Amino acid sequence: MRFLLRPGWLAFIGVVCAFVVACYTLLAPWQFDREAEREAQNAAIAAADGTPAVPFAELVPPGEAVSPDDIWRRVELTGTFEQQAESLVRLRVVDGAPAYEVLTPLRLDDGRLVVVNRGTIAGGEGGVVPEFAPAPTGTVNIEGRLRLNENDPQDRPPLHEGGTTQIYAADSRAVAEATGTDPVEGVVTLDEGQPGVLNPIPIAPPAGGAPFSNFSYALQWLTFGLVALVALGIFIRLELLQRRGGRAAPGNLRDQLSGRDGYGSDDGPGEHTDERTAERTGQRTGQRTEEPTAEGAAAGSSVVPAGDGSGSAEGRADR
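Just so we're on the same page, this note's numbering is the position in the sequence shown counted from 1, plus 1.
Listed below in structure tokens is the structure:
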């Protein structure tokens, strides 16, 4: 087992152990947490669906932001859309095609400004924003769901292009930076059939994916860790077999791993091989000894025994 102390083996064992530790302490728990988060969000959506809409001020009092405890709750808002402060969220995908989300702030009766996500529009050719239905004018009564602000990991600045203001996340803070307004922190997503809605945003957890998909991913990481340990054991055993018996004797891998090929026995695989070789050599030698040669056969057929000839001559003389 001293070969395990060689640098190559130490590095290999270290990589395998690090991978196993990552599978069991990072990757699998991460997927389990995502599955738990998905289940919690699905439960919150189901609870919100069974709860009637309440006034926006009841869940978000003046001076406060949307609370994580109130995500997906349905609220009622009354106010006027401010078209000039509208912003588009770039780099969205709907049914595999590029799209934009349309964020239009709504001025409430109490003076606060709330960013309303009116849904998505399809992207135009060459990144050109196509025409879409504007927000309704005048006072409107709408109903939507509370959502937290999204975050742009790259913190990119707003883009003003083609007469539109474009940002990279459904974020009221980004709208404030791009338009110079001061909306409430959080977003209200319009429900289907509401005034001003475009292509409504699906009500689903942000993580997406099918149910139990993260749970299956976690089981896969656990399996990968176990397979890595088993493979390490197999490699070590093969190395031991090669070092004990030199070259591997004929036989398949299953025989070598199970010990049925003779490795590890008292005689050793070399002696078994020598015995088989000796037996085959002896058989070939015996065959060559027993087979008569052509010259011997010819000579035997032409020689008459001396005893037989002399007896015949004497018989003729007597007669």
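Glycine residues also receive a C-beta, built at the ideal position from the N, C-alpha and C atoms. Predicted, not measured: the structure shown is a model, and the values here were computed from it.
Shown here, L199 sits in coil according to DSSP, grouped into three states, outside any helix or strand. Nearest C-alpha to V129 among A171, A49, L92 and E186: L92. Using a Cβ-Cβ distance cut-off of 8 Å, the segment 194–204 and the segment 127–147 are in contact, since at least three pairs of beta carbons, one from each stretch, lie closer than that value. Bridge partners of E126 according to DSSP: none are assigned. When C-beta atoms of the segment 104–124 are compared with those of the segment 177–184, three or more pairs fall below 8 Å, so the two segments count as touching. For I46, the uninterrupted alpha helix (DSSP H) run begins and ends at A29 to D50, by DSSP. Judged by DSSP secondary structure, S173 falls within the alpha helix (DSSP H) whose first and last residues are S173 to T180. Under the DSSP assignment, S214 falls in the alpha helix (DSSP H) whose first and last residues are S214 to G246. Scanning V90, V17 and G97 for the CA closest to the CA of R119 turns up V90.
Under the three-state reduction of DSSP, T138 is assigned to coil, being neither helix nor strand.
The three-state secondary structure of Y101, taken from DSSP, is strand. Taking 8 Å as the cut-off, the beta carbon of V103 is found no closer than this to the beta carbon of V189.
Leaving aside the five residues that flank V176 on each side, the residues in its chain whose CB is nearer than 8 Å to its CB run, in chain order, A86, S88, L104, P106, V116, I168, T182 and P184. For I72, no beta strand (DSSP E) run applies, since DSSP gives it neither H nor E. Under DSSP, F82 forms a beta bridge with L107. S217 counts as exposed, since fewer than 16 other beta carbons sit within 10 angstroms of its beta carbon. For T79 against R108, the beta-carbon gap comes to about 10 Å, at or over 8 Å, which does not count as contact.
For the 8 Å CB-CB criterion, R75 and E144 form a contact.
Under DSSP, the beta-bridge partners assigned to Q167 are L89 and L160.
Segment contact: the segment 231–247 against the segment 60–74, fewer than three CB-CB distances shorter than 8 Å; contact not assigned.
Taking 8 Å as the cut-off, the beta carbon of V94 is found no closer than this to the beta carbon of L233. Taking C-beta atoms as the reference points, A45 and I72 count as a pair closer than 8 Å. Boundaries of the alpha helix (DSSP H) around V22: P8 to A23. Taking each of L147, A98, P154 and N150 in turn and checking the Cα distance to G127, the smallest one comes out for A98.
In the DSSP assignment, R146 is bridged to R75 and T190. R113 carries a coil assignment under DSSP once its states are collapsed to helix, strand and coil.
By the neighbour-count criterion, in which a residue is buried when 16 or more other Cβ atoms sit within 10 angstroms of its Cβ, F4 is exposed.
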